[in-house]
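For the sequence shown, the residue numbers in the numbering used here are 174 to 330.
A quick write-up on the structure given underneath.
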Amino acid sequence: MRRITRFVGLAALVLAVMPVSAEDSVVEFSTEDPEMNAAIAKARDGLPEFWERFADPADNEADFSLKLGISDGRETEHFWCGEIAGTARSATCVISNEPVNVFTVAYGERVSVDPEVISDWLFYRDDKIVGAETLRVMLPHLEKKEAAALRALLAEP
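This is how it looks when you write it as structure tokens:
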């Protein structure tokens, strides 16, 4: 039986740009989905860039976020987290979404960042989203209006 991985938090991703609804998008992927797994691998490969920019952001860079895959032993849910404090070696961040299926964390809770569960990252540069590899894979699975709004925010890869 394949476990399902839920990716939540699109509203948290674009909080400053788009209105947030109570109906935050949840997109489910098999843990064996090759496209999503490639996106997670690409995001993890890019973590040194993320941490470098986080440590010394340019004037046009802001709003750094990590996506953590948090498990309850049965399912894994991926949460965007903001208010990052620390470094690549030891960091904490704040959960930016209401849980949908995994309740081992809560919205607004500060959690330790385990590098092994980071599934994505992003920051804004010149008001465009840099990173967000998993979001790019999710776009075809979203409502057309939501996908178009998010595409407009994404920087070129």
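Note that beta-carbon positions come from the ideal geometry of N, C-alpha and C, so glycine has one too.
Going by the CB atoms, is the gap between residue j and residue i shorter than 8 Å?
| i | j | result |
| --- | --- | --- |
| LYS240 | ILE291 | yes |
| GLU256 | CYS266 | yes |
| SER238 | LEU312 | no |
| VAL278 | GLU248 | no |
| ALA214 | ASP293 | no |
| GLU306 | ALA212 | yes |
| GLU208 | VAL310 | yes |
What residue range does the beta strand (DSSP E) around residue i cover?
| i | result |
| --- | --- |
| ASP236 | 234-244 |
| LEU326 | It is not in any beta strand (DSSP E) - LEU326 instead sits in the alpha helix (DSSP H) that spans 317-326. |
| ALA258 | 249-259 |
| VAL267 | 264-268 |
| GLU201 | 199-203 |
| TYR297 | 291-298 |
| VAL284 | 283-285 |
Near residue i, what residues of its chain come up, given a Cβ to Cβ distance below 8 Å and the 5 sequence neighbours on each side ignored?
| i | result |
| --- | --- |
| TYR280 | ILE268, SER269, ASN270, GLU271 and PRO272 |
| ALA195 | Confidence in ALA195 is poor, its pLDDT being 33 and thus under 50, which makes the residue's placement unreliable; the coordinate value appears in the next sentence. Cβ within range, chain order: n/a, list empty. |
For the alpha helix (DSSP H) that contains residue i, what are its first and last residues?
| i | result |
| --- | --- |
| LEU308 | 306-311 |
| ASP218 | 207-218 |
With a CB to CB cut of under 6 Å and the five nearest residues on each side skipped, what residues in its chain are close to residue i?
| i | result |
| --- | --- |
| PHE227 | PHE237 |
| ALA261 | TRP224 |
Is residue i a contact residue of the ligand FAD, with contact defined as CB to any heavy atom under 7 Å?
| i | result |
| --- | --- |
| ASN210 | Of the ligands one can find in the structure shown there are none, so the ligand FAD has no counterpart to examine. |
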